[in-house]
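Mapping the sequence shown onto our numbering, position 551 (from 1) lands on 1678, and the numbers just tick up by one. In this text, a Cβ means the ideal position worked out from N, Cα and C, and glycines have one as well. First the structure, in the form of structure tokens, and then the observations on it.
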Amino acid sequence: MNHADIAPARFSAVLEAAEAAGRMIPPAFPLDATVAVNPFLGQTGEDLATAAARLARVAGVRVTRNGADYCDAIASGAITEADLAEALAACPSPLKPADTAMLRHAAARIGAGPAPRPLPTVADLAAEATGIDWPALIDKCIGLWAAGHFDRGQALWSPAPGAEAFTAWRGWAMHDLTPEIAGLEGFCAHVACAPDTTERAILSAAETLGLSEAAAPTAFHRLAMSLGGWAQHARWILWQAELQGGSDRTLMDLLAIRLIWDEALLVQTPAIAQKWAATVDAHAAPVTPSEEDIALAILQDAADRGHQRRLAAALDGAAPATDARPFLQAAFCIDVRSEVFRRALEGIDGRIATIGFAGFFGLPLAHHAHGSDILEARLPVLLNPAVNTTSAGDPAKDQADRIAARGRRAWGRFRQAAVSSFAFVEAMGPVYAVKLVKSALGFVPKPKPEPAPEVIGGMSAEAKADTGAAVLKAMSLTKGHGAIVLLLGHGGNVTNNPHESAYHCGACGGYTGEVSARLLAILLNDPETRAGLASRGVEVPADTLFVAGLHDTTTDAITIYDDGLPADRGGDLGIVRGWLAQAAKIARAERALRMPGASGESIPARAQNWAEIRPEWGLAGCAAFIAAPREATAGRDLGGRAFLHSYDWQADAGFGTLELIITAPVVVASWISLQYYGSSVAPEMFGGGNKLIHNVVGGIGVIEGNGGKLRPGLPWQAVHDGDGLQHEPLRLSVMIEAPREEMLRILDKHPAVRALFDNGWLHLFALEGGKVAARYLPGLQWADAAPEKLAA
1128 MNHADIAPAR
1138 FSAVLEAAEA
1148 AGRMIPPAFP
1158 LDATVAVNPF
1168 LGQTGEDLAT
1178 AAARLARVAG
1188 VRVTRNGADY
1198 CDAIASGAIT
1208 EADLAEALAA
1218 CPSPLKPADT
1228 AMLRHAAARI
1238 GAGPAPRPLP
1248 TVADLAAEAT
1258 GIDWPALIDK
1268 CIGLWAAGHF
1278 DRGQALWSPA
1288 PGAEAFTAWR
1298 GWAMHDLTPE
1308 IAGLEGFCAH
1318 VACAPDTTER
1328 AILSAAETLG
1338 LSEAAAPTAF
1348 HRLAMSLGGW
1358 AQHARWILWQ
1368 AELQGGSDRT
1378 LMDLLAIRLI
1388 WDEALLVQTP
1398 AIAQKWAATV
1408 DAHAAPVTPS
1418 EEDIALAILQ
1428 DAADRGHQRR
1438 LAAALDGAAP
1448 ATDARPFLQA
1458 AFCIDVRSEV
1468 FRRALEGIDG
1478 RIATIGFAGF
1488 FGLPLAHHAH
1498 GSDILEARLP
1508 VLLNPAVNTT
1518 SAGDPAKDQA
1528 DRIAARGRRA
1538 WGRFRQAAVS
1548 SFAFVEAMGP
1558 VYAVKLVKSA
1568 LGFVPKPKPE
1578 PAPEVIGGMS
1588 AEAKADTGAA
1598 VLKAMSLTKG
1608 HGAIVLLLGH
1618 GGNVTNNPHE
1628 SAYHCGACGG
1638 YTGEVSARLL
1648 AILLNDPETR
1658 AGLASRGVEV
1668 PADTLFVAGL
1678 HDTTTDAITI
1688 YDDGLPADRG
1698 GDLGIVRGWL
1708 AQAAKIARAE
1718 RALRMPGASG
1728 ESIPARAQNW
1738 AEIRPEWGLA
1748 GCAAFIAAPR
1758 EATAGRDLGG
1768 RAFLHSYDWQ
1778 ADAGFGTLEL
1788 IITAPVVVAS
1798 WISLQYYGSS
1808 VAPEMFGGGN
1818 KLIHNVVGGI
1828 GVIEGNGGKL
1838 RPGLPWQAVH
1848 DGDGLQHEPL
1858 RLSVMIEAPR
1868 EEMLRILDKH
1878 PAVRALFDNG
1888 WLHLFALEGG
1898 KVAARYLPGL
1908 QWADAAPEKL
1918 AA
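This is the structure in structure tokens:
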């Protein structure tokens, strides 16, 4: 094909459509630093019903629960007639049911019917015509190549290290006879004759496939979705590059690869040309929601409103504030798992108060762990690191541990190598049998704490005071400090789990949170920091001691770090440790009620069991984000379903902290909420599959069995207990106690965040005096709402 014959406008439109299709894909972070990602990230510019129509076309998934589930919720009272009526009234579509009776009828009619079918790819049509499962073969061939190309240290050999993805794949595919053996004659030659640049390959294949400008956007999106986790990994590579101010073309490379496959199949299977032309016409049609899409979106809104009604009833007004100085102030991450522990801890003694704040404590760290060569970004993935830290400790010990770690990696590679693995099993099998028995019985040595973290290059006295004051102001902790202020990071203690980092702190980039907590405690105890706080508007009593700890969310054990703590405070710390142990026992007993076959006493053992598929529920059940003084939520049993962020708007001069909360923690919480939502309603596309048959690939992610697509998202066992869902799929309800006009000003300033609320991916409420006072409406509006009736 002569590209000079392509009109420049069409040339540009096709490539723009390819680029846009790639950005409709959510990023998938690698296993060593997994964080929750909103699987609908590319669809937040449209409402749920429109996104449902789009994803039905390109992925064949339903983005709500099925009608039968909503019928069950109506029958149980979880969704009331008032919830249905309010959701129906709030829907602007002319296609919505006439009344609630018709809405209930629509739910019953939809029932538990099959998920929608996506528009077919050429591979789908060719499979139908020839009886050869081309989509599965494509998944296998691309997956085998991609596992080596994108490997992060697991593979023993990479086929084309350093090469761009498209170039590396062409070199591979020109010598891979698998397609030809399966029946795709001349595929190697077809690849060799294809254009040797990504853009030209996309244009050439689009021309062969007859993709019009109107059809290209969803046709490309369809192919990108068919690549599963490999496309999402490429989207992560682009995400990381753009975070650093650069760009990356890997996602476009993968789309070009997938297009070449379909191009070859269409050329060899002319019998499908007519069906493919009809498919192209279907892609060219506008994406518009059907009556079923509209009805399901309204039912989902009604389910959201049912939870909001119950939550508003629990928030019945702020508890009276007390001027008494607390003995212990414990600052937890806003993670929903902390809500259970905070409630338990506060119930033990009236001298205890708790605080909620993002677990990285506002410190944007790039950290070198002890004995490690890896630089870890321990902060939300929306941000770039600004401070470099290390836990190297003694240089000689750090160097020795680095060498030992490299030895362990070499030993692991020897065990896995094709030649040595069989001899290894023969020679070392009995030795490893002992290790397996110990692991099965839970005899796993506890890792020793790393040396205390420190800032590389140090900090000036002014920088220390500036940083300390900024963090304490963001925490609404400028006065009234307790005798002990406990700063708690968190992490999950699990065994033999490739998704281990998903149980850690999302605000710390998928790592545990003790580094930030320890660094902050050391900083706030530093005399140079304390000397400069008063002049910056922060009053800290001389006897206040900041202490760092780590909350193990799997066992509810708390580790306290003795980073130079004064010996004369040992008695105070002993009291605190006793309280923490009591709270842990209470929290474990409550959490055990949700764990299949668990008791409070058995929960710690589950963390050490290498065969345990549900060591904890993680953030399953998350449904609300509340930013308010603790008095608004203290004593309320929120069931471990709410992110609790401490915030006092009257101490927030200029509302900079409010802006930070809405644009960072709220967005991160929405990613978590929507990942659990997507993994629950569309597990085949957005879930990680069955844990029991997972195999780790390249240190990137997992596949089910021995080949196929990379599976991003949460494993099914993370949201389902074998009998039913343990995560109720709801969109996050954000409740903030702050002036309404300030919240509107911030939303107007940040269009991408506003879109989440305007299009219904999040719900926003204003609290006043600890009670729900208003609901946000699309278009920067508020509607007054009594707690018992959150009408739109």
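Per the coordinates, the alpha-carbon of A1214 lies some 14 Å from the alpha-carbon of L1889. DSSP places I1713 inside the alpha helix (DSSP H), whose first and last residues are G1697 to A1719. For E1864, the secondary structure class from DSSP, reduced to helix, strand or coil, is coil. As summarised for the stretch 1131-1183, the continuous alpha helix (DSSP H) elements at least 4 residues long and confined to that stretch are 1135-1150, given in chain order. The stretch 1854-1909 contains, as complete alpha helix (DSSP H) runs of 4+ residues, the segments 1867-1876 and 1878-1885 (chain order). DSSP lists V1824 as the beta-bridge partner residues of G1828. The alpha-carbon separation between T1415 and A1274 amounts to approximately 37 Å. In terms of Cβ geometry, A1180 and S1353 do not form a close pair [threshold 9 Å]. When the five nearest sequence neighbours on each side are left out, the beta carbons in the same chain lying within less than 8 Å of the beta carbon of D1875 are those of R1881 and L1907, in order along the chain. Judged by beta-carbon spacing, N1886 lies beyond the 9 Å limit of D1278, meaning their Cβ atoms are not closer than that value. Uninterrupted alpha helix (DSSP H) stretches at least 4 residues long and entirely within the stretch 1436-1510 occur at 1464-1473, given in chain order. DSSP places Y1197 inside the alpha helix (DSSP H), whose first and last residues are G1194 to S1203. R1663 and R1452 have their C-alpha atoms roughly 22 Å apart. Pairing P1241 with V1185 gives a Cβ-Cβ distance that is not under 9 Å.
By the beta-carbon neighbour count (other beta carbons within 10 angstroms, threshold 16), V1164 is buried. Per DSSP, L1252 is one residue of the alpha helix (DSSP H) stretching across V1249 to T1257. In the pairwise beta carbon analysis, the stretch 1262-1272 is classified as not touching the stretch 1359-1376: fewer than three pairs are separated by under 8 Å.
Bridge pairing for G1618: D1679 [DSSP]. Excluding residues up to 5 positions away in sequence, A1233 and I1237 lie with their Cβ nearer than 8 Å to the Cβ of E1419 in the same chain. In the structure shown, E1786 adopts helical secondary structure according to DSSP, grouped into three states. In the three-state reduction of the DSSP assignment, R1362 falls in the helix class, which pools H, G and I. For K1600, the number of other beta carbons within 10 angstroms of its own is at least 16, and it is reported as buried. According to DSSP, residue pairing for H1302 in a beta bridge does not occur. Within a 10 Å sphere around the beta-carbon of K1524 sit fewer than 16 other beta-carbons, which makes this residue exposed.
With contacts defined by Cβ atoms closer than 9 Å, S1726 and G1483 do not form a contacting pair. The alpha-carbon of V1162 is positioned some 29 Å away from that of A1761. Judged by DSSP secondary structure, Y1688 falls within the beta strand (DSSP E) whose first and last residues are I1685 to Y1688. G1781 and R1478 have their C-alpha atoms roughly 32 Å apart.
The criterion of a C-beta distance shorter than 9 Å is not satisfied by A1341 and H1434.
DSSP, reduced to helix, strand and coil, places Y1774 outside both helices and strands of the structure shown, so it counts as coil. DSSP, reduced to helix, strand and coil, places I1583 outside both helices and strands of the structure shown, so it counts as coil. C-alpha of T1686 to C-alpha of G1676: approximately 5 Å in a straight line. Fewer than three pairs of CB atoms, one per stretch, sit closer than 8 Å, so the stretch 1426-1444 makes no contact with the stretch 1465-1473. The C-beta distance from H1617 to G1486 rounds to 6 Å, short enough to meet the 8 Å contact threshold.
At a Cβ-Cβ threshold of 9 Å, E1581 and T1622 do not count as neighbours. In the structure shown, the three-state DSSP call for L1330 is helix.
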